[in-house]
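Residue numbers (UniProt numbering): 1 to 238. Take a look at the structure below.
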Ligand code: ATP
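Written as structure tokens, this is what we have:
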């Protein structure tokens, strides 16, 4: 499969804190690729560098073969990359519908936007039931669904998901990951950051493990899941 996204030797720092050192990874078109590692390993920073929220200090990021180093974050969204940030930052005072429409604010095709609201409701029927409600009144799981739905409103080719399972019950995690798989099967490539290693390896085809800002290990997800030494060394065992 052709590469949709690739990072080559990407580094990033917050002042004197080196958060990423020479990170290289690739995300083939159509895949779900997982990015794993302990707290502070640099997972969120990697997503934030891709979406241009954090500047890189070296290396190259190619999307569809072209460098996005000089792009602003809204240009990256327009090019086809949408991020669901960690934590639940819905616009609490706005309705579910308004939150979804904000996800499409760079688009001018009203009909396409209306179709995509329908598509979001098909993935997340509970949002249709609540669409006039203030987003702040939704449960944690529903807010996570709204964030994913909002990112889909930009019609991304690549979805960056930062810990979608955070703080959710096992049942909700299962439900959300079922939907994430469907979104992928419908044609959206996904780069997934997760602390829930079992779930992440279960739904991805390939995984990278970050340690102290460097890729410590990578391989097909099924091999990493079956490799006890890797599990013990990097993934907290099972
Ligand atoms: P977590 O799961 O806790 O979010 P992570 O793997 O996503 O961890 P990052 O959030 O990318 O890790 O953090 C990587 C390193 O950069 C850590 O040492 C962290 O303390 C530091 N860091 C992250 N964000 C900032 C920031 N805004 N300012 C300064 N340092 C930061």
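We put the CB at the ideal spot given by N, CA and C, even for glycine. Quick caveat, the model's predicted, so the values are computed rather than measured.
Cutting at 7 Å between CB atoms, please list the residues of its own chain near residue i, excluding the five before and the five after it.
| i | result |
| --- | --- |
| residue 177 | 199 and 203 |
| residue 73 | 51, 52 and 53 |
| residue 154 | 77, 82, 103, 104 and 106 |
| residue 30 | 1 and 189 |
| residue 19 | 12, 13, 42, 45 and 213 |
| residue 221 | 34, 201, 204, 205, 206 and 207 |
Let me know if residue i comes out buried or exposed under the rule of 16 or more other beta-carbons within 10 Å of its beta-carbon.
| i | result |
| --- | --- |
| residue 241 | There is no way to answer for residue 241, as the model of the chain reaches only from 1 to 238. |
| residue 45 | buried |
| residue 229 | exposed |
| residue 1 | exposed |
| residue 129 | exposed |
| residue 174 | exposed |
| residue 223 | exposed |
| residue 209 | buried |
| residue 164 | buried |
| residue 17 | exposed |
| residue 109 | exposed |
| residue 66 | exposed |
| residue 135 | buried |
| residue 149 | buried |
| residue 70 | exposed |
When DSSP builds the beta bridges, which residues end up paired with residue i?
| i | result |
| --- | --- |
| residue 193 | 35 and 162 |
| residue 217 | 209 |
| residue 8 | 60 |
| residue 17 | 14 |
| residue 148 | Paired residues: none, contrary to the question. |
| residue 23 | 10 |
| residue 134 | 95 |
| residue 69 | Residue 69 pairs with nothing; no bridge assigned. |
| residue 84 | 161 |
| residue 28 | 3 |
Kindly list the residues whose CB is nearer than 6 Å to the CB of residue i, restricted to its own chain and excluding five residues on each side of it in sequence; keep chain order.
| i | result |
| --- | --- |
| residue 235 | 197 |
| residue 123 | 179 |
| residue 225 | 201 |
| residue 56 | 10, 12 and 49 |
| residue 184 | 32 and 190 |
Note down, in chain order, each residue of its chain lying with its Cβ closer than 8 Å to the Cβ of residue i, except the 5 sequence neighbours on either side.
| i | result |
| --- | --- |
| residue 101 | 113, 117 and 153 |
| residue 158 | 4, 5, 27, 63, 80, 81, 82, 188, 189, 190 and 191 |
| residue 86 | 44, 162, 163, 166 and 193 |
| residue 91 | 98, 99, 102 and 135 |
Item to check | Stretch pair the region 24–42 + the region 96–110: three plus CB contacts closer than 8 Å | outcome: When Cβ pairs closer than 8 Å are counted between the two stretches, the region 24–42 is seen not to touch the region 96–110, the count staying below three.
Item to check | the region 181–193 / the region 26–38 touching (three or more Cβ pairs under 8 Å) | outcome: As far as the Cβ criterion goes, the region 181–193 touches the region 26–38, which means the pair count is three or higher.
Checklist entry - Are at least three pairs of beta-carbons, each pair with one atom in the region 147–165 and one in the region 112–127, less than 8 Å apart? => result As far as the Cβ criterion goes, the region 147–165 touches the region 112–127, which means the pair count is three or higher.
Checklist entry - Looking at C-beta atoms only, is the number of pairs between the region 138–147 and the region 159–172 that lie closer than 8 Å three or more? => result When Cβ pairs closer than 8 Å are counted between the two stretches, the region 138–147 is seen to touch the region 159–172, the count reaching three or more.
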